[in-house]
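Undergrad:
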Amino acid sequence: MTIDKQLRDSISLGLSELYDIQSNSEDLTLQPTRKEFQGTHTFVTFPVAKKAGKNPQVIAEELGNYLTKNDPLTASFQVVKGFLNLSLHDNLWLEKLADIAGEPDWGQTPANQSMAVVEISSPNTNKPLHLGHLRNNFLGFSVCNILEAAGYTVKKVCIVNDRGIHICKSMVAYEKFGNGDTPEKLKVKGDHFVGDYYVKFNQEFKQQVREIVASGADQKEAEKNAPILKDAQQMLKNWEAHDPPTLELWQLMNQWVYDGFEITYKIIGANFDQIYYESDTYLLGKDIVNEGLEKGVFYKKEDQSVWVDLSQEGLDEKLILRGDGTSVYITQDLGTADLRYQDFQFDRLVYVVGNEQDYHFNVLFKILKKLGRAYADGMYHLSYGMVDLPSGKMKSREGTVVDADQIIEEMVRTAEVHTRELGKIEGLDQEEAQKLYQTLGLGALKYFLTKVDPRKRILFNPEESISFQGDTGPFIQYTHARISAILRKARTLALPFDFDAAAISELHPTERSVIYLLNEYPNRIAIAASEFAPSVIAQYVYELAKDYNRFYADVSIFNEQDTNKQQFRVVLSAQTARIIKDSMRLLGIDVPERM
RNA sequence: GGUUCCGUAGCUCAACUGGAUAGAGCAACUGCCUUCUAAGCAGUAGGUUCGGGGUUCGAGUCCCUGCGGAAUCACCA
Numbered sequence: 014m015t016i017d018k019q020l021r022d023s024i025s026l027g028l029s030e031l032y033d034i035q036s037n038s039e040d041l042t043l044q045p046t047r048k049e050f051q052g053t054h055t056f057v058t059f060p061v062a063k064k065a066g067k068n069p070q071v072i073a074e075e076l077g078n079y080l081t082k083n084d085p086l087t088a089s090f091q092v093v094k095g096f097l098n099l100s101l102h103d104n105l106w107l108e109k110l111a112d113i114a115g116e117p118d119w120g121q122t123p124a125n126q127s128m129a130v131v132e133i134s135s136p137n138t139n140k141p142l143h144l145g146h147l148r149n150n151f152l153g154f155s156v157c158n159i160l161e162a163a164g165y166t167v168k169k170v171c172i173v174n175d176r177g178i179h180i181c182k183s184m185v186a187y188e189k190f191g192n193g194d195t196p197e198k199l200k201v202k203g204d205h206f207v208g209d210y211y212v213k214f215n216q217e218f219k220q221q222v223r224e225i226v227a228s229g230a231d232q233k234e235a236e237k238n239a240p241i242l243k244d245a246q247q248m249l250k251n252w253e254a255h256d257p258p259t260l261e262l263w264q265l266m267n268q269w270v271y272d273g274f275e276i277t278y279k280i281i282g283a284n285f286d287q288i289y290y291e292s293d294t295y296l297l298g299k300d301i302v303n304e305g306l307e308k309g310v311f312y313k314k315e316d317q318s319v320w321v322d323l324s325q326e327g328l329d330e331k332l333i334l335r336g337d338g339t340s341v342y343i344t345q346d347l348g349t350a351d352l353r354y355q356d357f358q359f360d361r362l363v364y365v366v367g368n369e370q371d372y373h374f375n376v377l378f379k380i381l382k383k384l385g386r387a388y389a390d391g392m393y394h395l396s397y398g399m400v401d402l403p404s405g406k407m408k409s410r411e412g413t414v415v416d417a418d419q420i421i422e423e424m425v426r427t428a429e430v431h432t433r434e435l436g437k438i439e440g441l442d443q444e445e446a447q448k449l450y451q452t453l454g455l456g457a458l459k460y461f462l463t464k465v466d467p468r469k470r471i472l473f474n475p476e477e478s479i480s481f482q483g484d485t486g487p488f489i490q491y492t493h494a495r496i497s498a499i500l501r502k503a504r505t506l507a508l509p510f511d512f513d514a515a516a517i518s519e520l521h522p523t524e525r526s527v528i529y530l531l532n533e534y535p536n537r538i539a540i541a542a543s544e545f546a547p548s549v550i551a552q553y554v555y556e557l558a559k560d561y562n563r564f565y566a567d568v569s570i571f572n573e574q575d576t577n578k579q580q581f582r583v584v585l586s587a588q589t590a591r592i593i594k595d596s597m598r599l600l601g602i603d604v605p606e607r608m
């Protein structure tokens, strides 16, 4: 039983015996005591004051007395207004630490038979990844790790947007300006190579529009009639008609992009259990249209287009199928939802997709519900905010994006500069040093993008590089490296990683707060999982690192005369390192042994 | 215009889902390396939580309203 649970039970019993108030121990408000007061757990007595017919402060006093007498955990208490601050016996914390040390899977919930499918990344194949994609990936993979830690079986899936007008634009531009160049020839990463033609397309398009406008047409007309756009639209038709040369070019260019993506994915540690291609799935969902019509959920207009009326649900009418029988985005998404369920029989299906599609997913989920899909209740749109620049939104077409490969490279280089400045590369060979820079650079970037509440937009200023101090990935990594040094020393001194809890009478406050946080770990994972929020873990591990550093500054380990205490502090350090490492793993971040 | 989300220190973010005197980091200033890694620790300064009402023992958090920002409302994806 957890400490919290035991305390709640005792409080519940106390309320019953003192005031004859029956309460469910789950419902009692027990919160962490603020740092400026003594104690670890605080019970707020205001809510029971009315029932007890006494003022909150009196209740706190009486309940405090009751607990010190009757509850085996409570050592002492302090009352501030209606707040009852409880201090537990230090021995309890010492035993807790020993428990944690003896529990190799601390934080991990045993598999609970639930299956979660998470859709991550979903790139377009006409341009390289940018910072926004990185947020998507980091968030998505972290959520997978967190769900796994919370007991889910997790399947990571990716749907590659490999067909459509966007890739046709790159293809047309390549035909026109490519001169038979290849990524190999130009020594350019494949995804960048193809992306360059997407940019070229838009330049040419703009040029043509200008010319048409100059010859007297209005802007809208010109944009519609630009020859290069017509070419792209024709190419899409050719593609849909399975025109062999078009398919060949399409495959060639997509492959270049995949080769490029693979390099980036490898660096950031992305991997998938299943990859869906839109070219395979874009026709799905048409059978669902018929099903909807039969069930009377959808209806047909005179021009044969199919619609759903969601005005009852507070939305509007929404097109499901065009009059000419071709699908729209949502048709396909209905189909892939069914396909996913066929493939995995998931309990939860999480879409990691930006908040610009909030409305779309709202519609999708409501339709599936109307169609009577039982799995619809388990669907969740993990909607995250955009990564914006000081100048506003990133736009691929206009080249105002922060490129993923470039920012990663910059972060790694910054890590190298910092490390060299601090003179911390002694004893590392070239390869180890390089690996360290990568660990630190990526750690800084991943932490930067996962520590913020997913819903909020992130402002990224390229002028100021991501920091390595304070609330950052490297700070936490540094704490781990520091502890590693202590553990190395403990090993050379042949200190046993074990201690006698009963022989220690009092804890230093910093020791107590570190153990308190170690004990909190499973709790935080549960919260992070239920909210699909890696930021919960990021905050936790920062807090843990911060508290440990406080302990490190205040308390000496190897100057301690009492060897049992020395051993206790080594164990405390070892467990902290372990939980830091594991928390960071949940965020997808590696931690070094030295830095 | 309708809908949804957001607005907290100069900047970037927290606040355990309604609890105490709203906390961290960056930037600024002051201390601390002959000691286990100073990418650290301690301290100073910094706030009308966008404005105005309401709900209650208690509101940054819930409700209403105004202001500001973002997204979306396509036979686009």
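For the first sequence, our numbering assigns the number 14 to the initial residue and increments by one for each residue that follows.
Just so it is clear, CB atoms sit at the ideal spot from N, CA and C, and this is done for glycine as well.
What distance in whole Å lies between the Cβ atoms of residue 158 and residue 598, which are believed to be in contact at a cut-off of 8 Å?
TA: The pair is a contact, with the Cβ atoms about 7 Å apart (cut-off 8 Å).
Undergrad: Between the alpha carbons of residue 482 and residue 431, how many angstroms are there, rounded?
TA: Rounded to whole angstroms, residue 482 to residue 431 spans 11 Å at the Cα level.
Undergrad: Are residue 145 and residue 366 close, meaning C-beta to C-beta below 7 Å?
TA: In this structure, residue 366 does not lie closer than 7 Å to residue 145 by Cβ.
Undergrad: Let me know the alpha helix (DSSP H) ranges lying completely inside the segment 322-353, each 4 residues or longer, listed in chain order.
TA: With a minimum length of 4 residues, no continuous alpha helix (DSSP H) run stays inside the segment 322-353.
Undergrad: Roughly how many angstroms separate the alpha carbons of residue 187 and residue 210, rounded to a whole number?
TA: Their backbone Cα atoms lie some 6 Å apart in a straight line.
Undergrad: For residue 322, which of 333, 62, 316 has the nearest alpha-carbon?
TA: Cα-wise, what sits closest to residue 322 is 333.
Undergrad: Indicate the three-state DSSP secondary structure (helix, strand or coil) for residue 231 in the structure shown.
TA: Looking at residue 231 - three-state DSSP - the assignment turns out to be coil, as it is neither helix nor strand.
Undergrad: Could you tell me the alpha carbon to alpha carbon distance between residue 9 and residue 197, rounded to whole angstroms?
TA: The structure shown does not extend to residue 9, since the chain is modelled only from 14 to 608, so the question has no answer here.
Undergrad: Classify residue 443 as buried or exposed, calling it buried when 16 or more other Cβ atoms lie within 10 Å of its own Cβ.
TA: Residue 443 is exposed by the Cβ-count criterion.
Undergrad: Quick check: what's the CA-CA separation for residue 294 versus residue 389?
TA: So the two alpha carbons sit approximately 20 Å from each other.
Undergrad: Could you pull out every unbroken beta strand (DSSP E) segment of at least 3 residues lying fully inside the segment 445-478, listed in chain order?
TA: Those beta strand (DSSP E) runs which fall completely within the segment 445-478 and span 3+ residues do not exist here.
Undergrad: Identify whether residue 495 lies in helix, strand or coil by the three-state DSSP scheme.
TA: Reduced to three states, the DSSP call for residue 495 is helix.
Undergrad: Rounding to the nearest angstrom, what Cα-Cα distance links residue 70 and residue 98 in this structure?
TA: The alpha-carbon atoms of residue 70 and residue 98 are separated by roughly 12 Å.
Undergrad: Determine the DSSP secondary structure at residue 45, reduced to helix, strand or coil.
TA: Residue 45 falls in the strand class under three-state DSSP.
Undergrad: From residue 600 to residue 152, what distance separates their C-alpha atoms?
TA: Those two C-alpha atoms are separated by around 8 Å.
Undergrad: Once you ignore the five residues that flank residue 385 on each side, which residues in its own chain have a CB closer than 7 Å to its CB?
TA: No residues qualify anywhere along the chain.
Undergrad: Counting beta carbon pairs with one atom in the segment 277-292 and one in the segment 159-179, are three or more of them shorter than 8 Å?
TA: As far as the Cβ criterion goes, the segment 159-179 touches the segment 277-292, which means the pair count is three or higher.
Undergrad: Short of 7 Å in beta carbon distance, which residues of its chain neighbour residue 416, apart from the five on each side in sequence? Order them along the chain.
TA: Closer than 7 Å at Cβ, skipping near neighbours: 141, 143.
Undergrad: Just to confirm before moving on: does the CB-CB distance between residue 203 and residue 273 stay below 7 Å?
TA: Yes.
Undergrad: Any idea what DSSP makes of residue 31, helix, strand or coil?
TA: Residue state, collapsed to three classes: helix.
Undergrad: Give the single residue among 200, 336, 299 whose Cα lies nearest to the Cα of residue 352.
TA: Closest by alpha carbon: 299.
Undergrad: Just list the residues that DSSP pairs residue 131 with in beta bridges.
TA: For residue 131, which the question treats as bridged, DSSP gives the partners 169, 363.
Undergrad: Here's the rule I'm using: 16 or more other beta-carbon atoms within 10 Å means buried, otherwise exposed. How should residue 467 be labelled?
TA: Its Cβ being crowded by 16 or more others within 10 Å, residue 467 is buried.
Undergrad: In whole angstroms, give me the CA-to-CA distance for residue 105 and residue 391.
TA: Cα to Cα, residue 105 sits roughly 40 Å from residue 391.
Undergrad: Which of the three DSSP states, helix, strand or coil, is assigned to residue 416?
TA: Here residue 416 sits in strand by DSSP.
Undergrad: Report the residue from 250, 44, 336, 413 whose alpha carbon sits nearest the alpha carbon of residue 314.
TA: The residue with the shortest Cα to Cα distance from residue 314 is 336.
Undergrad: Strictly by DSSP, which residues pair up with residue 143?
TA: Residue 143 pairs with 416.
Undergrad: In whole angstroms, what separates the C-alpha of residue 45 from that of residue 249?
TA: Each residue's Cα considered, the two are about 60 Å apart.
Undergrad: Figure out for me which residue from 34, 291, 525, 53 has the closest Cα to the Cα of residue 136.
TA: Answer by Cα proximity: 291.
Undergrad: Shortest alpha-carbon distance to residue 53 belongs to which of 75, 27, 90, 30?
TA: Among 75, 27, 90, 30, the Cα nearest to that of residue 53 belongs to 90.
Undergrad: Alpha carbon to alpha carbon, how far is residue 509 from residue 577?
TA: Cα to Cα, residue 509 sits roughly 10 Å from residue 577.
Undergrad: Going by DSSP, which residues form a beta bridge with residue 91?
TA: BP columns for residue 91 point to 98.
Undergrad: Starting from the Cα of residue 464, find the closest Cα among 296, 30, 602, 246 and give me that residue.
TA: Comparing Cα positions, the closest option is 602.
Undergrad: Could you check the C-alpha separation between residue 609 and residue 479 for me, to the nearest Å?
TA: A query on residue 609 cannot be resolved here, the shown segment of the chain reaching from 14 to 608 and no further.
Undergrad: Can you tell me which of the three DSSP states residue 7 falls into?
TA: This structure does not reach residue 7, given that the chain is present from 14 up to 608, and the question cannot be answered.
Undergrad: Compute the distance between the beta-carbons of residue 542 and residue 163, then report whether it is under 7 Å.
TA: Yes. Within cutoff.
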